[in-house]
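Notes to accompany the following structure.
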Amino acid sequence: MTGKPDHPGPTGGGAAPARGRSARAGLLYGLGAYSLWGVFPLYFHLLAEVPPWIVLCHRIAWSALFLGLVISIRGEWEALWPILRSRRQLALLTAGSVLIALNWLIFIYAVGSGQVIESSLGYFINPLLSVALGVIFLRERLRALQWMAVVIVCVAVANLALRGAGFPWIAVSLACTFGFYGLVRKKVDINSLHGLLVETALLFPLALAALAFVTAGTVPAAALGILSLSGVITAVPLLMFGAALRRLRLSTIGFLQYVGPTGQLLVALWVFHEPLTRVKLLSFALCWLGIAVYAADSVLYRQAQPVADEPE
């Protein structure tokens, strides 16, 4: 899994149909991955009675174990050794592990406290925040339409902060932690699956130590079985995402990434019946406008949109 889309090969008798089948499979994998990420709140809602930090520790522990099993089955341990021998890359992955843990914790808290709409807004903001971080830290240059898209999203956040019930810290925190996570991962030559294994393995001892202090009765017996599934639930969409990246153009993936937050928004409205105030609706409308402007720029200049969770 290289994290890069395939390029068309030489024209041959069966090459075009094969590419077509591969693209269709990639589309299904991509829709499957982002759809699963979109319904994640349904899973974490089942654990609303469990303290968020305990859910986080279980997710880290079970993810590390399950991802290690997947790597063993695929026989890919050798691909990890060059990364582990590099102090610089290991330091970057350590920073990534802290950022992804914070992102998971905030998301778990948002679901448990009935604020899925705001978490959805955070993931709508994230791709364009990633663009802004690229300008600040990677000295990337933006065209006029791209700047306009970033400014529109800033207005969306300001609208919530000034006219809403308070500063939208969940949306901003989710966008920032995931945005900086993507920025860190761009510096590491490792794919999503391997990277997440190293990151969760780095956090694994801390997670186990924290769980050792959990007293009996803190976690309902019924919740333990649900918590044990967190590793599978974390890894499966990631594997599907990797399969989609190998088969689709990044421009296609760039548009698919909005399926996830859209799914979260629909779950919040239709399943959890969270109220969508006029202020929040206006912020969502501004985000969608910003996305449309950036997408128009991508089409005009034939460049792929940034993919928030795809390391270089």
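Numbering (this note's numbering), first residue to last: 603 to 914. For each residue, glycine too, the CB sits at the ideal point set by N, CA and C.
- Distance check between glycine 833 and each of Arg661, Leu813 and Leu633 places Arg661 closest, using alpha-carbon atoms only.
- The straight-line gap separating the alpha-carbon atoms of threonine 779 and arginine 626 is approximately 32 angstroms.
- Taking a contact to require three or more Cβ pairs closer than 8 angstroms, the segment 758 to 775 and the segment 804 to 822 do not qualify as touching.
- By the beta-carbon neighbour count (other beta carbons within 10 angstroms, threshold 16), proline 877 is exposed.
- In the three-state reduction of the DSSP assignment, histidine 647 falls in the helix class, which pools H, G and I.
- The beta carbon of valine 657 sits closer than 6 angstroms to those of Leu649 and Ile710, all from its chain and outside the five residues before and after it, given in chain order.
- Annotation: the segment 677 to 757 contains the following complete segments of the alpha helix (DSSP H) (minimum length 4 residues), in chain order: 683 to 686, 689 to 714 and 718 to 740.
- Histidine 660 carries a helical assignment under DSSP once its states are collapsed to helix, strand and coil.
- About 15 angstroms separates the beta carbons of leucine 629 and proline 839, which is beyond the 8 angstroms limit, so they are not a contact pair.
- With a beta-carbon spacing of about 6 angstroms, glutamate 720 and proline 770 fall inside the 8 angstroms limit used to define contacts.
- The beta carbon of lysine 789 lies closer than 7 angstroms to those of Leu694 in the same chain, with the five residues before and after it left out.
- Where lysine 882 is concerned, the enclosing alpha helix (DSSP H) starts and stops at 880 to 903.
- Arginine 741 has its alpha-carbon roughly 14 angstroms from the corresponding atom of leucine 731.
- The beta carbon of phenylalanine 668 lies closer than 7 angstroms to those of Gly833, Val834 and Ala837 in the same chain, with the five residues before and after it left out.
- The residue among Ala846, Leu850 and Gly892 with its C-alpha nearest the C-alpha of tyrosine 631 is Ala846.
- For the pair phenylalanine 782 and valine 700, the Cα-to-Cα distance works out to about 11 angstroms.
- By the 16-neighbour rule on beta-carbons within 10 angstroms, serine 722 is buried.
- About 4 angstroms separates the CB atoms of isoleucine 754 and glycine 892; that is less than 8 angstroms, so the two are in contact.
- With 16 or more other Cβ atoms from the protein chains shown falling within 10 Å of its own Cβ, isoleucine 708 counts as buried.
- When DSSP states are grouped into helix, strand and coil, isoleucine 673 belongs to the helix group.
- Tyrosine 636 is a Cβ neighbour of leucine 858, given a cutoff of 7 angstroms.
- According to the DSSP assignment, histidine 875 belongs to no alpha helix (DSSP H), since it is labelled neither H nor E.
- The closest CA to that of alanine 712, considering only Trp655, Phe739 and Gly698, is found on Trp655.
- Inclusion of glycine 634 and methionine 842 in the CB contact set at 7 angstroms is warranted, their separation being smaller than that value.
- In this structure, glycine 724 keeps its C-beta atom at 7 angstroms or more from the C-beta atom of alanine 681.
- Within the same chain, Asn761 come within 7 angstroms of leucine 884 by CB-CB distance, once the 5 residues on both sides are set aside.
- Distance from valine 759 to isoleucine 727 at the Cβ level is roughly 7 angstroms; contact confirmed, criterion being Cβ atoms closer than 8 angstroms.
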